[in-house]
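Asks:
Protein chains in written order, with our numbering: chain A, 7 to 116; chain B, 2 to 114.
1) Indicate the three-state DSSP secondary structure (helix, strand or coil) for residue 33 (chain A) in the structure shown.
2) My output table needs one value for residue 40 (chain A): the three-state DSSP class, helix, strand or coil.
3) Mind listing which residues of the segment 40 to 62 of chain A have their C-beta closer than 8 Å to chain B's C-betas, in chain order?
4) If you measure from the beta carbon of residue 79 (chain A) to each beta carbon in chain B, is any gap under 7 Å?
5) Whole angstroms is fine: what's the gap from residue 97 (chain B)'s alpha carbon to residue 38 (chain A)'s?
6) Rounding to the nearest angstrom, what Cα-Cα distance links residue 43 (chain B) and residue 108 (chain A) in this structure?
7) Could you give the C-beta distance for residue 69 (chain B) and residue 77 (chain B), rounded to a whole number, given that I count them as a contact under 8 Å?
8) Using 7 Å as the limit for Cβ to Cβ distance, is residue 29 (chain B) near chain A?
9) Under 8 Å between beta-carbons, which chain A residues line up against residue 32 (chain B)? List them in chain order, please.
10) In its own chain, which residues sit with a C-beta less than 7 Å from the C-beta of residue 4 (chain A), not counting the 5 before and 5 after it?
11) Mapping DSSP to helix, strand and coil, what is residue 65 (chain A)?
12) Considering just the uninterrupted stretch of the beta strand (DSSP E) at residue 70 (chain B), what are its terminal residues?
13) CB residue 45 (chain B) to CB residue 37 (chain B), shorter than 7 Å?
14) Give me the residue from A:87, A:98, A:49, A:88 with the minimum Cα distance to residue 74 (chain A).
15) Of all the options A:66, A:19, A:78, A:51, which has the alpha carbon lying nearest to the alpha carbon of residue 60 (chain A)?
16) Between the segment 52 to 68 of chain B and the segment 49 to 60 of chain A, do three or more beta carbon pairs fall short of 8 Å?
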């Protein structure tokens, strides 16, 4: 079946450094790729998304890139801050079906 | 109002109990979802409602019964659950199929004893 692989599972960075999380999807019909941040005790929160007809999107310190040919997409966080510490999920969607990656636990050390 | 509100936040129930989880949104979203999330795992889709009609049932056991009374409300009725059903149950909404990401509630932490 369809799946989304996400790496790394854990990422530890110093405050101010950049963090990169990578995902690969299997369903070539996927056309929407959201990223969610989940803090302890809360539901996931949409932080940025990209559609299949766009290669890159940026929102302040966060950017996503998509390579449709390779079925890869990535999240880039620059100038990380302690409040960026959370679990990040990538996802690939087609219609109502959204498949989530396994998650990356990001630690930002002050 | 850009929130999805779930009640209760925590629930402990016995295997013979019947309980309901409730979800409400007032963003005018026409699609609503139930997800189940185990510890340190991603959310797993259970049900999708679109325009108050059940669109997707991911082969969920019948001890979970969803209901969508109107466009703002989504319920999940629970009966004869097993301990392995203990998890965080998340409700989400979206504008519709292919129309952007989800707004998730904070979830109901369910423990079956």
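C-beta: ideal position from N, C-alpha, C; glycine also.
Replies: Taking the geometry as given:
1) coil
2) strand
3) 40, 42, 47, 48, 49, 50, 51, 52, 55
4) no
5) 13 Å
6) 5 Å
7) The Cβ separation is near 10 Å, so there is no contact.
8) no
9) 102
10) A question about residue 4 (chain A) goes unanswered here, because the residues of chain A that appear run from 7 up to 116.
11) strand
12) 65 to 71
13) yes
14) A:98
15) A:78
16) no
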